[in-house]
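Numbering (the working numbering), first residue to last: 1 to 107.
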């Protein structure tokens, strides 16, 4: 099995960077005729994915040591829309070192 590339945080080791995190739900369902999981259509309907927590985004893991500024950045991230299923797919591919192309498209 190929080794999974290590994802480096995009905010780097900059002490002024703010580590703000969020979590989303990817809904699965049983395949209609087999005992296996498939993506539920709600996950790929083009709408933003649902947050898994009421108190997110969170900056509890941030190490910036400037709590008032970090809280301001966290508040701004609250206004940012969460990704759709397709946007999440692209984010995951990028993080894992893959490129995404639509079926039938050449690279």
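Note that CB positions come from ideal geometry on N, CA and C, so glycine has one too.
Identify the residues that DSSP records as bridge partners of residue i: which are they?
i: residue 30; result: 37
i: residue 48; result: 84
i: residue 21; result: 58
So what does DSSP say about residue i, is it helix, strand or coil?
i: residue 90; result: helix
i: residue 64; result: coil
i: residue 73; result: helix
i: residue 78; result: helix
i: residue 101; result: coil
Have a look at residue i and residue j and give me their C-alpha separation to the nearest angstrom.
i: residue 72; j: residue 19; result: 12 Å
i: residue 93; j: residue 86; result: 11 Å
i: residue 100; j: residue 63; result: 33 Å
i: residue 96; j: residue 88; result: 12 Å
Does the distance between the C-beta of residue i and the nearest non-hydrogen atom of the ligand COA fall short of 7 Å?
i: residue 42; result: No copy of the ligand COA appears in this structure; indeed no ligand is present at all.
Give every residue of the same chain whose Cβ lies closer than 8 Å to the Cβ of residue i, excluding the five residues on either side of it in the sequence, and list them in chain order.
i: residue 37; result: 28, 29, 30, 31
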